[in-house]
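Residue numbers (the numbering used here), protein chains in the order written: chain A, 256 to 596; chain B, 33 to 370; chain C, 304 to 753.
Okay, structure coming up:
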């Protein structure tokens, strides 16, 4: 696990702001989020449901309904030197599935029920490669073998409903990876699966990352999954990125009270607390995007909330070295940098 | 597959028995003989007709006898209102006129509605979609009867009355497809319609067909669009987008194949009406089809005809439902193997 | 249950839909009108009473020359009739001609005040003018025919390329004669109409307003007010729609919920009935039910003129028995889903009775479906009523939009659209409003299903 990412970023997201036109007016689901994805790494995006994780990933892929979605003026998603947030539909189609691929939470419904597995694998190859029909078929079988599906020659003739949930997610992964994309966005890929299958799928993704050298952006609310596969972590809350860090940093020295609270709410085996006391939970609920609190968005649930938190929203600042956090009073600061006030 | 069909058939037997029971009971709530003969009939006349029809027998006996008739498709009683014609004859003669209206109108309305709803679903939320939906609701809010009255007025009456150059449609009547001939193949008598003339069809049937299509348009478009929009919201659409599929590909391949399942069901559900015909159109345009015969029989208290027609219609209805299920299984892979 | 529904999120979304709120207002206006009719604002007699000549057009349509003649002729003959009877009464010793005159009335429009002798001159003037007009009119018709024939001939000759100068001259001559007659006819028309007005003055004040409302949409083929019929029909539509939708929704919800919740033989039985009934084409089923309810004993009971409300019972029954099927299916599907939800499971685990859970926890959660279905069935009932009435199986003895449309259908071929038109517009607005409301309800409670 490398702490400092080696090469240059494959994807740079800058000031991503995504809003929707709704019946109640314009609602901003992702507010000024910036981050990088480096080649070969796994970036975990963590947060409670409704915090903007999925919208972030769909904005990168531009999968949101175009006529209802507004991207902020300054939003940039830079991929291969181009701002794809302003790219047209044809350019996007060339990127989707080929350069950036995505897998989804619900393997049960994410595959088209009326087409065979083989047809659906073939489709992506048809759009992005010049292979012949026979070559594509071989490639499809190869991909199914790669995701460890037994009997791929027979499976390609089957329909999604004939496969188990885990199998379907493997098919989704095979489909996403068949054009060897630079980035794989996995939106809660294991949430809908049994725990044992979850582990298998995560192992599989880890293995494939090494093999194909694909960067993975893993979206999850499950910190266990993050610990297992991620290199770096971005924590999101109510549409904002609130903390960045390596997995080790996040787990051992969380700086944002929200991250801390998230970690507290995981049961820990062997710790004294789990035996004697109740598992702590975060009081309150995620604020509605229609009705955000003034100041820090976490202020009403924060145990260390002070007047300043209610008055002004904190900026994303490096309090420690290369650990941006959006908090006025961060925890666990090792090397307090005496930067400009 | 075969076991599936057999299972469906067996499942529908009690349903059909129920229909016959219900029909026979409903038709006996009032005394059909007294109703037909009127107040001036003598007791003797009433008794005779009651005996002829077997209406004096216990109900279960009548029920059994009628079922046996249906099994053999033997409706050889004489009609009360149309002396000299058997129920079977009336039934067979009424089918071709009905079909010459309904077949074209179902085919045309399904096709047009499919195209319109695809346009609507493709431009979902845009002006064109809203306009189409608005017109569909508007169209649905007008009575069928008003469409027929004004359709006939503007389509046939006004051109003839004003002596316009172009008067393709007759005001009413039917002379398109009147009789059956039989073709003997391998000892089987295969009936085929005799005397089809296309000009006649245009003159007598085209206007009702157009009206039927216009009426169906609102309902069909809305239903098809709702199905399509629902499919467009499914996860697999996003998957296809993420794969890099173009919007037409997504709409016409991924979405349409899924949407076709409920749409085919809906079209199949109208199949029995191919034979029963549109009662209103037939009544208004004086087309001697099944619907018209049935309503005329109801008004004239023609008991044998009513009973036989309702039973046969229900039988056709059930068969078409079974056919729908089978077709469904063919289209939807999820049904086929479960 | 209703309070809960109104407070629900879907209802809030619904109330934000402006078009739907407007449509709801339209429905309320109709509803209030129906209540007003029920309280006697428009009685059944009002819908039958003669208010003018047959097929009088409504307020906007100008009356053509031919129709003007026909309408004036009707007024003249009615008045002649009355005055002849009055004259006979006058001749009889001790007779009271005024009483005869008082008998005549077209709703609010009665014969002018004054004794028989006072009115006699106006009547005589009218009769005299009318006789003259009769002759002029006949002459006009003859000349018209002549002109028409000449024009035909000109057309024919022109097609053959022959000279038509003679005929043109002849035509001009006829047209000149016609033009000469026109002002004379007009003067006579005015004379006749002025006298009619003198004998039968337009009532003033409130009565005048009522009378002009009555004739606003014209009269039907029996001279009865179309406006009164159209308004009275609102009541019938609400009766039929409300009763049948209510009955059908109740039967459908209870049977559907019970089938889904209890399962087992209840489910089998309900499904059997549902598939049986839905295996008969809907219009045929309706027709058979209506037929069954026409049994002489029943018909006598229902068609008792003293209890006109009962006359609609066969229709209610036929609709109610057919319409619940759809609701039952939808509710059954929904309850199958609700049954698996945690709170129902929890209620079961806590040991609440099954009927209690069904009534307290399950059926209230189908309230939005009940509303949507109610609205859809309401429309269905109104539309089916029209169709059944046309087929001779529907409403009898009371005005309804169905009766108006099927009666008015003959008028259409005589270019008289008011009767069909009025019924259509009244019905269209109500049905459209209901369609919009039920659409908005569906959108609000099931946003995905747009």
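Note that the Cβ used here is the ideal one computed from N, Cα and C, for glycine as well.
Predicted, not measured: the structure shown is a model, and the values here were computed from it.
Using the beta-carbon of each residue, which ones in chain B are nearer than 9 Å to residue i?
i: residue 423 of chain A; result: Correct list: empty, because the minimum Cβ distance to chain B is about 11 Å.
i: residue 400 of chain C; result: Simply none; closest approach about 46 Å.
Within 10 Å of its beta-carbon, does residue i have 16 or more other beta-carbons around it, so buried, or fewer, so exposed?
i: residue 380 of chain C; result: exposed
i: residue 515 of chain A; result: buried
i: residue 671 of chain C; result: buried
i: residue 43 of chain B; result: exposed
i: residue 464 of chain A; result: buried
i: residue 362 of chain C; result: exposed
i: residue 505 of chain C; result: exposed
i: residue 497 of chain A; result: buried
i: residue 34 of chain B; result: exposed
i: residue 402 of chain C; result: exposed
i: residue 581 of chain A; result: buried
i: residue 529 of chain A; result: Only weak support exists for where residue 529 of chain A lies, its pLDDT of 48 falling under 50; the value from the coordinates is given anyway. Result: exposed.
Which residues in chain B sit within 8 Å of residue i, going by Cβ to Cβ distance?
i: residue 349 of chain A; result: 276
i: residue 742 of chain C; result: 169
By DSSP, does residue i sit in helix, in strand, or in coil?
i: residue 328 of chain A; result: coil
i: residue 497 of chain A; result: strand
i: residue 414 of chain A; result: coil
i: residue 439 of chain A; result: strand
i: residue 573 of chain A; result: strand
i: residue 378 of chain A; result: helix
i: residue 461 of chain C; result: helix
i: residue 354 of chain C; result: coil
i: residue 536 of chain A; result: coil
i: residue 289 of chain A; result: strand
i: residue 408 of chain C; result: strand
i: residue 174 of chain B; result: coil
For a contact defined as C-beta to C-beta under 9 Å, what are the partners of residue i on chain A?
i: residue 356 of chain B; result: What residue 356 of chain B touches in chain A: nothing, since even the nearest Cβ is about 17 Å away.
i: residue 257 of chain B; result: Neighbours of residue 257 of chain B on chain A: none; closest Cβ ~17 Å, over 9 Å.
Give a yes or no on whether 8 Å exceeds the smallest Cβ distance from residue i to chain F.
i: residue 716 of chain C; result: Looking for chain F here will not work: the only protein chains present are A, B and C.
What residues from chain C crowd round residue i, counting only those whose CB sits closer than 7 Å?
i: residue 54 of chain B; result: 579
For residue i, which option in the options has the closest C-alpha, if you only look at C-alpha atoms?
i: residue 331 of chain B; options: C:674, C:693, C:560; result: C:693
i: residue 411 of chain C; options: C:394, C:595, C:545, C:515; result: C:515
i: residue 124 of chain B; options: B:163, B:189, B:322; result: B:322
i: residue 450 of chain A; options: A:469, A:479, A:423, A:460; result: A:479
i: residue 345 of chain B; options: C:635, C:642, C:633, C:587; result: C:587
i: residue 574 of chain C; options: C:714, C:481, C:524, C:630; result: C:630
i: residue 281 of chain A; options: A:264, A:326, A:271; result: A:326
i: residue 470 of chain A; options: A:456, A:486, A:476; result: A:486
i: residue 343 of chain C; options: C:538, C:430, C:480; result: C:538
i: residue 427 of chain C; options: C:449, C:386, C:418, C:632; result: C:386
Run through chain A and tell me which residues come within less than 8 Å of residue i, C-beta to C-beta.
i: residue 272 of chain B; result: 367, 378
i: residue 266 of chain B; result: 364
Run through chain B and tell me which residues come within less than 7 Å of residue i, C-beta to C-beta.
i: residue 441 of chain A; result: Per Cβ cutoff of 7 Å: no residues; residue 441 of chain A is ~11 Å from chain B at best.
Can you list the residues of chain C that residue i reaches, using a CB-CB cut of under 8 Å?
i: residue 129 of chain B; result: The premise fails here: residue 129 of chain B is roughly 17 Å from chain C at the closest Cβ pair, so nothing lies under 8 Å.
Contact the segment 250-261 of chain B vs the segment 287-297 of chain B: 3+ CB pairs below 8 Å: The segment 250-261 of chain B is in contact with the segment 287-297 of chain B.
When the Cβ atoms of the segment 333-346 of chain B are set against those of the segment 149-159 of chain B, are three or more pairs found closer than 8 Å? no
Cβ pair count under 8 Å reaching 3, the segment 113-128 of chain B against the segment 178-197 of chain B: no
Tell me, please, whether the segment 160-172 of chain B touches the segment 349-363 of chain B by the rule of three or more beta-carbon pairs shorter than 8 Å. no
Is the segment 299-308 of chain A close to the segment 490-505 of chain A, with three or more CB pairs under 8 Å? yes
Count the C-beta pairs between the segment 550-562 of chain C and the segment 270-290 of chain B that are closer than 8 Å, then say yes if the count reaches three, no if not. no
Does the structure place the segment 718-728 of chain C close enough to the segment 668-683 of chain C that three or more beta carbon pairs sit under 8 Å? no
Assess, as a yes-or-no matter, whether the segment 476-495 of chain C is touched by the segment 390-406 of chain C under the definition of 3 or more beta carbon pairs within less than 8 Å. Using a C-beta cut-off of 8 Å, the segment 390-406 of chain C makes no contact with the segment 476-495 of chain C, since fewer than three inter-stretch Cβ pairs fall below that distance.
Touching or not, the segment 359-377 of chain A and the segment 437-453 of chain A, by the rule of three or more beta carbon pairs under 8 Å? yes
With a cut-off of 8 Å, do at least 3 Cβ pairs link the segment 330-350 of chain A to the segment 385-399 of chain A? Contact between the segment 330-350 of chain A and the segment 385-399 of chain A is absent, because fewer than three Cβ pairs lie under 8 Å.
Segment contact, 8 Å Cβ cut-off, at least three pairs: the segment 642-662 of chain C with the segment 127-144 of chain B: No: fewer than three Cβ pairs fall under 8 Å.
Taking contact to mean 3 or more Cβ pairs, one atom from each stretch, closer than 8 Å, check whether the segment 335-351 of chain C and the segment 529-543 of chain C are in contact. Counting Cβ pairs under 8 Å, three or more are found: they touch.
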